[in-house]
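Protein chains in written order, with the working numbering: chain V, 846 to 1137; chain F, 846 to 1137; chain Y, 846 to 1137; chain Z, 846 to 1137; chain P, 846 to 1137; chain U, 846 to 1137.
Here a beta-carbon is modelled for each residue, glycine too, at the ideal position from N, C-alpha and C.
Below is one structure; the comments refer to it alone.
Number of protein chains: 6
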Amino acid sequence: MINKKLRFGLPKGSLQDATIEKMAKAGFNISVSSRSYVPYVDDDELEIRLIRAQEISRYVEHGYLDCGITGYDWIQENGSKVHEVGEFLFSKVSRRPARWVLCVPEDSPVKSVKDLQGKRIATEVVNLTKKYLKKNGVQAEVEFSWGATEVKAHELVDAIVEVTETGSSLKANKLRIVDELLSSTPRLIANHASWSDAWKRKKIETMAMLLKGAMEAETKVGLKMNIAEKNLASLLKSLPALRNPTISNLSLKGWVAVETIIDEHVVRELIPQLKAAGAEGIIEYPLNKVVY
Amino acid sequence: MINKKLRFGLPKGSLQDATIEKMAKAGFNISVSSRSYVPYVDDDELEIRLIRAQEISRYVEHGYLDCGITGYDWIQENGSKVHEVGEFLFSKVSRRPARWVLCVPEDSPVKSVKDLQGKRIATEVVNLTKKYLKKNGVQAEVEFSWGATEVKAHELVDAIVEVTETGSSLKANKLRIVDELLSSTPRLIANHASWSDAWKRKKIETMAMLLKGAMEAETKVGLKMNIAEKNLASLLKSLPALRNPTISNLSLKGWVAVETIIDEHVVRELIPQLKAAGAEGIIEYPLNKVVY
Amino acid sequence: MINKKLRFGLPKGSLQDATIEKMAKAGFNISVSSRSYVPYVDDDELEIRLIRAQEISRYVEHGYLDCGITGYDWIQENGSKVHEVGEFLFSKVSRRPARWVLCVPEDSPVKSVKDLQGKRIATEVVNLTKKYLKKNGVQAEVEFSWGATEVKAHELVDAIVEVTETGSSLKANKLRIVDELLSSTPRLIANHASWSDAWKRKKIETMAMLLKGAMEAETKVGLKMNIAEKNLASLLKSLPALRNPTISNLSLKGWVAVETIIDEHVVRELIPQLKAAGAEGIIEYPLNKVVY
Amino acid sequence: MINKKLRFGLPKGSLQDATIEKMAKAGFNISVSSRSYVPYVDDDELEIRLIRAQEISRYVEHGYLDCGITGYDWIQENGSKVHEVGEFLFSKVSRRPARWVLCVPEDSPVKSVKDLQGKRIATEVVNLTKKYLKKNGVQAEVEFSWGATEVKAHELVDAIVEVTETGSSLKANKLRIVDELLSSTPRLIANHASWSDAWKRKKIETMAMLLKGAMEAETKVGLKMNIAEKNLASLLKSLPALRNPTISNLSLKGWVAVETIIDEHVVRELIPQLKAAGAEGIIEYPLNKVVY
Amino acid sequence: MINKKLRFGLPKGSLQDATIEKMAKAGFNISVSSRSYVPYVDDDELEIRLIRAQEISRYVEHGYLDCGITGYDWIQENGSKVHEVGEFLFSKVSRRPARWVLCVPEDSPVKSVKDLQGKRIATEVVNLTKKYLKKNGVQAEVEFSWGATEVKAHELVDAIVEVTETGSSLKANKLRIVDELLSSTPRLIANHASWSDAWKRKKIETMAMLLKGAMEAETKVGLKMNIAEKNLASLLKSLPALRNPTISNLSLKGWVAVETIIDEHVVRELIPQLKAAGAEGIIEYPLNKVVY
Amino acid sequence: MINKKLRFGLPKGSLQDATIEKMAKAGFNISVSSRSYVPYVDDDELEIRLIRAQEISRYVEHGYLDCGITGYDWIQENGSKVHEVGEFLFSKVSRRPARWVLCVPEDSPVKSVKDLQGKRIATEVVNLTKKYLKKNGVQAEVEFSWGATEVKAHELVDAIVEVTETGSSLKANKLRIVDELLSSTPRLIANHASWSDAWKRKKIETMAMLLKGAMEAETKVGLKMNIAEKNLASLLKSLPALRNPTISNLSLKGWVAVETIIDEHVVRELIPQLKAAGAEGIIEYPLNKVVY
């Protein structure tokens, strides 16, 4: 088992810092040196490579990487044949998946994909777009966009296929969504051969569990409060969000401590209700990992 | 209720990142795009506007904003007629309010405001300063300072009215405080009409509770320790800071777990005392929200 | 006791932000102004000075500072006669001490320090290097390096003595480690006279306890889970890492909550075992301080 | 004459670097230290002060500064009684003066200033705007804008008064110009008493000449070419832009060298005409100063 | 002619500032606003668009742009059918064209393109690479590289096709050049229809002349010196680099002034020779434009 | 002669960009890659190394470098035995050499070096300071300062030895100059053996001439004007600064063109005099090189 290594690809670039932070929460501390393209990680069984998200699935498929994290969109765009180990949660801010959408200027006459017959479309996901047009029986020119795609819709092409989470950048660019091609979330993928290797599979599965626990923890919080025992039943009944709380006895007679793990975005609606139900000393605390 | 919106003003500029972080802790995730002046927030009932702290009270008064967060100083400077919903805690670092003070160079002959008769004063808060001079029966020229006010006291004017928390910037500029005009803390304010609207008032009150909970949490921590039951009474008696702890039974006979929420800056004095009183395994953990 | 002050030196420069963050976790909030070289701290009994790590031990020895935090390496390099109050933990990422090592280019003929007879060595720690050569009976020229030492090994000198944690920067520079001169961790040191002063010593000891608690907390986490009472014994037996957990009764009959403080880097191996042993609802949460 | 000093105010902030560069071209080298608010200048008869452009005319009027460079707009806004020594050229890029204009959203019903009766206007130039409204017999509320004025026109107020050169920022913000209040260029102004002092006036006049020479040089270039003597007359006749060229004899018989100083933006139309007229070896070179 | 516009594409990104500077030297002042994607230019007959160099030829071909500046490499990669108006000079630093080269790690067994049969190659110029392989009768997989191509050669693929000027980045990455595919310089290209339009063609030709003059001027300097008439002939004879100098008579009898325009990189060899030949008061001055 | 190389050391760090710019003006274009420590230079006979100014003389002495540019101060501090080829001009802004001065706080009782007997001094130039003390018969402790030396004078030591040009940073730090130890200008130095090699010496001398020409040009400008022939004699007589002007005949009868190279800082006094003497169309233009 000595010298066994798992080669793990992480997305380089805009997502890099967030990913390294998530890896740290999962228990794997990575430090990137500007002078070396091989980052340090405090696990002798791991070798980290930072590779553009667009390319990770390709290098997992080819076997250069045993596994990696990338988006469902790029696995599809590349048509990569890989084993999908797990899906991770959406971004914390929007709580929505990334969506690749067909867009036109707000005042464009284009109302549906059918109106794009014979037109030109710019996008970073050329293959996804061609497949989508074919499915819709539309013939149009699809050209690869090297960047600033949103600006192109107004002058250079008739439509674009672009990625968005909240839609606010599209709105700021005066673009209208015509259709959605694909909804994408981050995935942990593995090379098929690596997945067949018992040691590697075990390692990948453990990392999947820890990463899932770390990502889960980003959108969850711990909630703790005290309540009189007599009010407990009605509290739990009226608030299904508090499923499976840990209830512990307090030394103060007739009072219990209620503790639960809960979606962070629910808390803002829950706290007023908890107070109304008689809860006291409510505190919310952050989590590093949640493993059910 | 559908389409009901609360328009909420947050301070733009140097306080912006800290405010957005506080809003996130309160449960409202905001993302600011450089391409749009309307930030995204993950609550359909909210519309966020980022406006200079100096101007928020004005736009709340005019009704353009339903409510907003700004300093007591700028409400006074603008003379805005608004409903004050709540006051928030002081800054974490200094644990002191912002103070607008009358300053002169260390070696200035000016000893009191009376010595400023016929002189010139530079400040960003022209109205506050004029009112202060009037109250003191002093006639002096007050001019609006576009910035770098501290430097002006040495050459351009006879005195300045400037804001300070710790006084260290004044000391570094060799300035002496002559008098204090106003002590200011952040406030949540509402337009009077909005406050009369039941739906808006409910929404504002909920947000006030959550924001207060989040800000409270910044200066508080959770403290947890184990102690032999026989030492518990004397521990609690000698340490009034530990008011209302949650005491839970441990499976280990004769021992209890004591948990409490406490001002962070007290901990540094408390921990040595706790150890002396027989506490073991003391841990301090961070909080996101504290709602009593 | 009034006006008693402890003058405390913290390392300026690359470690500055991390140190100020640690001080804040220990309960001492510091704010550095670009206009003043005396930082503000929210404790009237403290005076903070930011000084290069290389010089702190010198100014503690001379009595200008009562105490300070610096590395063991620079205490040795300066030959400072100071009282060592405590040693702190290694860096979070590598969990290894800083090591000063003798390095040569990968393809250098130098295999041991003996091969450096009559050669030239560049380093920032001239005294340590000279002492090391003397101990090994080697005569070589040692010159002070003003920076970029790693590059010099290839062209300007025959060997270098440089500091490393993970060795990855050396590897990226194609350097080979020949020997290790010194392993160094951060230390809290005090001036001998200050240490004899009862008030100062008490203050230093309290700060040492709080700082140690804060640094300890950086490499530890809280772990909490529920388990059926019948599985508890076997869980605890099979997992010695869970030493001294706090076990509290749940209101749900037959179930207990197990809570413990544990090294963060152990968690990644522990969680799969906990799940296998029947634990449910495992959460990991961050800590600010851990004081045993 | 010994120890005589002229106190000269230069605009701080966004125009600072450009102004210091212009001063250098005029022959006065200034270096600004972050640690001192008094910049170094290599002329013992000068004392430089960097002050916000908005405030310079005020401090010249009060006599704190002998003279300074600021915009005509801020002299008017402040109503400063100062001696205007000279006017400088427009910005190089747009070759247009700064214009303060009344703007509304593109789709606003406001067509003229008359439509603003009873409305609210935000601006940095409150006095100019009030005077303008009065002249037009319009009563409207004018409020000081602390920044980001262009965004306010869409939501917070009915109109803004903002400064523009090329209009492209207004266009990008979907604003329409309703009227122009003031056209402004940079001015060198002097305190009336300083202007009456013979030594100071002489010094100011010399600096005015050198600064004018340096600014002039930014929009001019040197142009040099060879031409057969027989073609010279028709060249000069057809190209009035080439007024007063320096014509020197070449050793090559029948050929002369023509050299002139010319507006840079004319060159792009002139060069094709020069080639057509028989000029050869045309070169354009940069200038530091032009004094007629 | 009123309202006639020429739509001109300039490369966005890393070359943007240099290009805008060159345009300014050519006489066209452009200012880019972060709030607008249409830059301001001080010529009413021009409309500037900033577009990635990789895409310019495509949008010129489609007619969206009348003309633009891009590299020969991207015209070829895109296979764009455009009119090539002119070629510009190489970069000032290296005085060499950009070269797309086939590279492998220094210690790779690959010695010629033939050795790549059945291998994988990463590159940004997929079409150029495929054409090159076909010409050489080699079948290999070519994949689009999203960046950091140089690093890939060591681990992810068998070879890369990358661009280089001086080769020093390849050397730093321990890569060996196997073959050169294409040598590329900047070109001014025009849409065929625009080129047929008399007004547009005239405008394009004028701009080509001015841009060429400006770029030429970057690698040339003016050189001026005095010499005794008797030494002139031998000076000119022995120094062919001084072709076509302008020789003017000085008022000092027997002396002439010699002035010429010359490649800047020649000056460093020329000046010692000039001094040896009796030249005095040699000065070199910068140029904005050179039009022969 | 093929493969002959001159290894040339340039100062790395704060002076790096200015030095590379000067080298470019001298005719040697250098480009520094972040990925390589060997910069590219467009001269096959040169090898550039960027080394800290403090260390260059040491590596020239050891023969690793053939020559290099560094300050006279560091040659002295290192006691390096090197051949001094040439001295360059002072900085453009201050037109003064760098001076190493002994400083104390403004209110220190120390009036002369004699008062430092038994005290402590911090400095970056330990050897220079020790030699200076010895020469003055003073015994004091000299300690190496790792930076921020100016701040130390107020608290950590009794005096400092620090470098200054204009003295304004010392003044801002409230320091008083007690004595000057050394005045330093940039020097081109060569290794003695390299200087004995004919090829290397020739190459060094040529570079010295070109660099000197380039640096000279930074503080000089070209001045050109027209004047009526009858006024010429009195102009030249009254203005000795105009030594050795080039006077050429104009085609306009009775007028001549006067051209000269002159110290830039003289121009500001000269131009008013020239105008008074009847000169017209005065222009000043920048220079790249001046070789007498």
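Annotated as distal: Asn981/V and Lys964/V, with beta-carbon spacing of 8 Å or more. Put simply, the backbone Cα of Pro1131/F is about 30 Å away from that of Ile914/V. If you draw a straight line from the Cα of Glu1061/F to the Cα of Pro942/F, it is about 15 Å long.
A direct Cα-to-Cα measurement between Lys956/Y and Met1052/Y gives close to 45 Å. Partner residues in the beta bridge of Gly913/Z, as assigned by DSSP, are Gly854/Z, Ile1034/Z.
It is roughly 6 Å from the alpha-carbon of Glu1129/Y to the alpha-carbon of Gly1067/Y. Residues of chain V whose Cβ lies closer than 8 Å to the Cβ of Ser1029/F do not exist, since the nearest Cβ in that chain is about 28 Å away. Below the 8 Å Cβ cutoff, chain Y contributes Gly872, Asn874, Asp887 as neighbours of His1110/F, in chain order. For secondary structure counted as the alpha helix (DSSP H) over 4 or more consecutive residues, the region 1011-1077 of chain Y holds these complete runs in sequence order: 1013-1017, 1037-1041, 1043-1063. Contact of Glu988/P with chain V by beta-carbon distance below 9 Å involves Glu900, Arg903. Excluding its 5 nearest sequence neighbours in each direction, Phe989/P has C-beta neighbours in its own chain below 6 Å: Val971, listed in chain order. Within the region 1005-1036 of chain P, the residues whose Cβ lies closer than 9 Å to any Cβ of chain U are, in chain order, Glu1010, Thr1011, Gly1012, Ser1013, Ser1014, Lys1016, Ala1017, Asn1018. Assignment of beta-bridge partners to Pro950/V by DSSP yields Leu1020/V. Flagged as an interface residue toward chain Z: Gly1126/U, by a C-beta distance shorter than 8 Å. Around the Cβ of Gln984/P, a 10 Å sphere holds fewer than 16 other Cβ atoms; the residue is exposed. Rounded to the nearest whole angstrom, the CA to CA distance from Ile1107/P to Leu891/V is 59 Å. At least 8 Å separates the CB of Leu973/Y from every CB of chain U.
In the DSSP annotation of this structure, Asn972/Z is not part of any beta strand (DSSP E); the continuous alpha helix (DSSP H) holding it starts and ends at 971-980. Contact between Ile1034/V and Val905/V holds, since their C-beta atoms are separated by about 5 Å, short of 8 Å. Contact annotation: the region 1068-1082 of chain Y does not touch the region 869-886 of chain Y, with fewer than three C-beta pairs closer than 8 Å. Within chain V, the residues placing a beta-carbon under 7 Å from that of Leu1001/P are Tyr904, Tyr909, ordered along the chain.
Cβ neighbours of Ala967/F within its own chain (closer than 6 Å, five residues either side excluded): Glu988, Ser990, Thr994, Lys997, Val1002, Ile1005.
Here the C-alpha atom of Asp888/V lies approximately 28 Å from the C-alpha atom of Ser1079/Y. Pairing Ala1102/Z with Ser1093/P gives a Cβ-Cβ distance under 8 Å. In its chain, beyond the 5 residues on either side, Asn1071, Val1101, Ala1102 have a beta carbon closer than 8 Å to the beta carbon of Leu1095/Y.
When secondary structure is reduced to three states using DSSP, Trp919/P falls in the helix class.
Within the region 954-971 of chain Y, no residue has a Cβ lying closer than 7 Å to any Cβ of chain U.
Put simply, the backbone Cα of Lys1065/Z is about 27 Å away from that of Ala863/U. Between Glu1010/F and Val946/F, the C-beta spacing is not below 8 Å. For the options Val1112/Y, Gln921/Y, Pro950/Y, His999/Y, the alpha carbon positioned closest to that of Thr974/Y is the one of Gln921/Y. Cα atoms of His999/U and Val949/U: separation of roughly 8 Å, rounded to the nearest angstrom. Buried is the label assigned to Glu1104/U, since at least 16 other Cβ atoms lie within 10 Å of its Cβ.
The Cβ neighbour count for Pro1085/U, taken over all protein chains shown within 10 Å, is under 16; the residue is labelled exposed.
For Ser878/F, the nearest beta carbon of chain V is closer than 8 Å to its own beta carbon. In the DSSP assignment, Tyr904/U falls within the unbroken alpha helix (DSSP H) covering 898-906.
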